[in-house]
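>
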């Protein structure tokens, strides 16, 4: 035998990376440092879009850990004004309650925590991928995790404090997946219990982890050698967690989802939902997410109607979506039995994004970057595997080590990571506050009805803040322009019509135009209480008291606990010397449970008009008992008792006056 021609043994690619403490430390440093490079400039941000749902504007988190029991027994969203109560995400609200107890109201701490949660998610994701991809070179889970870390579509989740629920839910479901894999490998009940617990934790963070009912057993099938019985048992465990969550909510609320009033500009599919329309919307949504993940250049905080056209989809979008979907799903099914990792990535992406394609259930806002967060892992898996295969770089332990680090491959990876990182860093300042976000986004989403209305409201706020008349005028004109733009996109946009009417009242004194807009508001939404009240207020200014009374009574009928119309009616009746009617309307307010000192002040004012000071002071004292922070009333009473030489009463109110100012109108009238 010719030894010179003897075939040399192949160099086997072996994953020799030790799982040592030093290796784990380097991994932690890499992901944490990289996360802060990407998102460090967001720590200086304040509150932004929808953060009020979970932070300083929300009563529960603001009260700290003492209110955690109430958080776990109440809806995520509660709007008492319109009767809305829906959702159940106690984990995120509890996290802000704990944070508030430790650090007080501090948005910078909140942003820091979001970054840490994101970094730890990426760290855990890497080690989980390293575990399940044990037949692959360490470079594959590393590349997948890095792509996930730097993807610009994640900026909404990290930069928006409200979206901490998404961070919690995904991290928790990854931990649940880890425990279920451990159970599949070793059959330990402790691991099985851990999987159930963390899946339940994920559900209590946000319901968007529901697709993992399929993804978890699918992952176990692809990356373990476990039998069908364990997979079935895992599915039963996941269903058990889902049942526990649903039963608990049913016990608390008697209905799982509560009451949610959907609006047309949020998603027209709530009102037009034929099968054909839903399928078309699904194609448009799928095209959006593929474009977002592949080319994340344009990022917008809110899309909605008509930024995304779902009722009359573009044929090109539908065609591309259908072709890509059929091709990808066909490949995944053909290679299912081979347990091909590319097939797994495709399955993962389609299953996880299915909740947000508007086919089964319409999504609020139609599409959103946060909806792609969990599904983007499947995209990162697919892209990473394709890069290895396109550049013919071996990445399994069965393949020989040939040209592993090709310069062309490394150059492309570097460019993808670099430009993604630049996009993330550039996007973070847009989320600094409401003003910066809407100012930036409305320029590139001028067909979004809601975004135009949000920006218009910000313009009006700026007009209130400035004393420069020219600048004030510019802000007002810009606000009116964008309210009109929102209405042109969706003519039945009730709140935009109402707020535009308010703008005409406050800044131009065009009462006729304002009343016309507010009557259009009522035509669009007959339950719009503020519109009735403000029409009444305009008529009161114009001294058309009969018309004002009619609209005030309508607003009271719609919302009996609304104190303002009672008070304004009392003023009208007093101006017409109808004191009995004034007393009656305030007594009605009290009997209907209006939680305010205002009716007592107004009753006191009636007695002042009737020259009955003793009764007036009794009512004013009762008003102070209800709200000791009413500085105007407190000062009035202190001066009154000083004149009456009542030292005890004077000292009582003078001491209250020295405390923190909490000015709440109206004030009592003078004797």
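Residue numbers (this note's numbering): 13 to 683.
Cβ coordinates follow ideal geometry from the N, Cα and C atoms, glycine included.
Remember, it's a predicted structure, so these values are computed and weren't measured experimentally.
Is there contact here, the region 245-257 with the region 467-478, by at least three beta-carbon pairs under 8 Å?
The region 245-257 makes no contact with the region 467-478, as fewer than three CB pairs between them are under 8 Å.
> With H, G and I counted as helix, E and B as strand and the rest as coil, what does DSSP make of residue 667?
As a working mapping, residue 667 is identified with position 655 in the chain shown. In this structure, residue 667 counts as helix in the three-state DSSP scheme.
> Once DSSP output is grouped into helix, strand and coil, what is the label at residue 148?
As a first step, residue 148 is located in the chain shown; it is residue number 136 there, counting from the start. Strand at residue 148.
> When DSSP labels each residue in this structure, what does residue 642 get in the three-state scheme?
What you label residue 642 is simply residue 630 of the chain shown in a count that begins at 1. DSSP places residue 642 in strand when its eight states are reduced to three.
> Buried or exposed for residue 294, please, with buried defined as at least 16 other CB atoms from any protein chain shown within 10 angstroms of its CB.
Reading the chain shown from its first residue, position 282 is the one you call residue 294. By the 10 Å Cβ count, residue 294 comes out buried.
> Based on Cα-Cα distance, which residue from 346, 361, 115 and 405 lies nearest to residue 151?
Position 139 of the chain shown, counting from 1, holds the residue named residue 151. Among 346, 361, 115 and 405, the Cα nearest to that of residue 151 belongs to 405.
> DSSP on residue 534, reduced to helix/strand/coil?
Residue numbering aside, residue 534 sits at position 522 when the chain shown is read from its first letter. Note: residue 534 maps to helix in three-state DSSP.
> Between the C-alpha atoms of residue 399 and residue 224, what's the straight-line distance to the nearest angstrom?
Your numbering for residue 399 matches position 387 in the chain shown. Your numbering for residue 224 matches position 212 in the chain shown. Straight-line Cα distance between these residues: approximately 26 Å.
> Within 10 Å of its beta-carbon, does residue 624 have 16 or more other beta-carbons around it, so buried, or fewer, so exposed?
Your numbering for residue 624 matches position 612 in the chain shown. With fewer than 16 other Cβ atoms within 10 Å, it is exposed.
> So what does DSSP say about residue 57, is it helix, strand or coil?
The count along the chain shown starts at 1 and reaches residue 57 at position 45. Three-state result, residue 57: coil.
> Whole angstroms is fine: what's the gap from residue 199's alpha carbon to residue 243's?
As a first step, residue 199 must be located in the chain shown, where it is residue number 187. As a first step, residue 243 must be located in the chain shown, where it is residue number 231. Rounded to the nearest angstrom, the two C-alpha atoms are 11 Å apart.
> Please give me, in chain order, every unbroken run of the alpha helix (DSSP H) with length at least 4 that falls completely inside the region 298-348.
327-346
> Would you list the one or two residues that DSSP bridges to residue 89?
Against the chain shown, residue 89 aligns to sequence position 77. Paired residues: 98.
> Can you look up residue 626 in the DSSP assignment and give me helix, strand or coil?
For the purposes of this step, residue 626 is taken as the residue at position 614 of the chain shown. Under the three-state reduction of DSSP output, residue 626 falls in the helix class.
> Look at the alpha carbon of residue 131 and the alpha carbon of residue 183, and state the distance between them as a whole number of angstroms.
Locating residue 131 in the chain shown gives position 119, where the first residue counts as 1. Locating residue 183 in the chain shown gives position 171, where the first residue counts as 1. Rounded to whole angstroms, residue 131 to residue 183 spans 10 Å at the Cα level.
> Taking Cβ positions, are residue 513 and residue 533 nearer each other than 8 Å?
Here residue 513 refers to the residue found at position 501 when the chain shown is read from its first residue. Here residue 533 refers to the residue found at position 521 when the chain shown is read from its first residue. Against a cut-off of 8 Å, the Cβ pair of residue 533 and residue 513 comes out as a contact.
> Can you grab the Cα-Cα spacing for the pair residue 414 / residue 161, in whole Å?
Within the chain shown, numbered from 1, the residue matching residue 414 stands at position 402. Within the chain shown, numbered from 1, the residue matching residue 161 stands at position 149. Note that residue 414 scores a pLDDT of 47, beneath 50, so its modelled location is shaky and nothing firm can be said.
> Let me check understanding here. Comparing Cα to Cα, which of 321, 264 and 296 lies closest to residue 277?
Taking the first residue of the chain shown as 1, we reach residue 277 at position 265. Of the listed residues, the one whose Cα sits closest to residue 277 is 321.
> Based on the DSSP secondary-structure assignment, which residues constitute the bridge partners of residue 8?
No information on residue 8 is available, as it lies outside the stretch 13 to 683 that the chain covers here.
> For residue 48 and residue 433, I'd like the C-alpha separation in whole angstroms.
Translated into positions along the chain shown, residue 48 becomes position 36. Translated into positions along the chain shown, residue 433 becomes position 421. Roughly 11 Å between the two C-alpha positions.
> For a quick check, are the C-beta atoms of residue 613 and residue 632 less than 8 Å apart?
Your numbering for residue 613 matches position 601 in the chain shown. Your numbering for residue 632 matches position 620 in the chain shown. Yes.
> For the 8 Å Cβ check, are there 3 or more pairs between the region 540-558 and the region 576-595?
yes
> Skipping 5 residues on each side, what residues in its chain have a beta carbon closer than 6 Å to that of residue 638?
Taking the chain shown and counting its residues from 1, one reaches residue 638 at position 626. Around residue 638: 609.
> For the structure I just gave you, are there three or more beta carbon pairs, one from the region 228-236 and one from the region 108-119, closer than 8 Å?
no
> Could you tell me which of 54, 197 and 332 sits nearest to residue 127, measuring between CA atoms?
Here residue 127 refers to the residue found at position 115 of the chain shown. Of 54, 197 and 332, the residue nearest in Cα terms is 54.
> With the cut-off set at 8 Å, would you say residue 315 and residue 457 are in Cβ contact?
Against the chain shown, residue 315 aligns to sequence position 303. Against the chain shown, residue 457 aligns to sequence position 445. Closer than 8 Å, so yes.
> Cβ atoms of residue 329 and residue 220: under 8 Å apart, would you say?
The residue labelled residue 220 in the question sits at position 208 within the chain shown. The residue labelled residue 329 in the question sits at position 317 within the chain shown. Not in contact: residue 220 and residue 329 (Cβ atoms no closer than 8 Å).
> Rounded to the nearest angstrom, how far is the Cβ of residue 61 from that of residue 449, given a contact under 8 Å?
For this step, residue 61 is matched to residue 49 along the chain shown. For this step, residue 449 is matched to residue 437 along the chain shown. About 6 Å; that satisfies the 8 Å criterion.
> Whole angstroms is fine: what's the gap from residue 216's alpha carbon to residue 202's?
Position 204 of the chain shown holds residue 216. Position 190 of the chain shown holds residue 202. One Cα belongs to residue 216, the other to residue 202, and the distance between them is close to 21 Å.
> Check the DSSP bridge columns for residue 408 and list the partner residues they point to.
Within the chain shown, the letter at position 396 stands for residue 408. Bridge partners of residue 408: 148.
> Alpha carbon to alpha carbon, how far is residue 236 from residue 214?
By 1-based counting over the chain shown, the position of residue 236 is 224. By 1-based counting over the chain shown, the position of residue 214 is 202. Rounded to whole angstroms, residue 236 to residue 214 spans 23 Å at the Cα level.
> Got a sec? Which residues, its chain only, sit under 8 Å from residue 280 by beta carbon, not counting five neighbours each side?
By one-based count along the chain shown, residue 280 stands at place 268. Closer than 8 Å at the Cβ level, and outside the excluded window around residue 280, lie 317, 322 and 323.
> Check whether the region 163-173 and the region 380-395 are in contact - that is, three or more C-beta pairs closer than 8 Å.
yes
> Quick check: what's the CA-CA separation for residue 502 versus residue 301?
Position 490 of the chain shown, counting from 1, holds the residue named residue 502. Position 289 of the chain shown, counting from 1, holds the residue named residue 301. If you take the alpha carbons of residue 502 and residue 301, they lie about 25 Å apart.
> Run through DSSP, which three-state label would residue 592 get?
By one-based count along the chain shown, residue 592 stands at place 580. Three-state DSSP puts residue 592 in a helix.
> Buried or exposed: where does residue 310 fall if 16 or more other Cβ atoms within 10 Å of its Cβ makes it buried?
Within the chain shown, the letter at position 298 stands for residue 310. Flag for residue 310 reads exposed.
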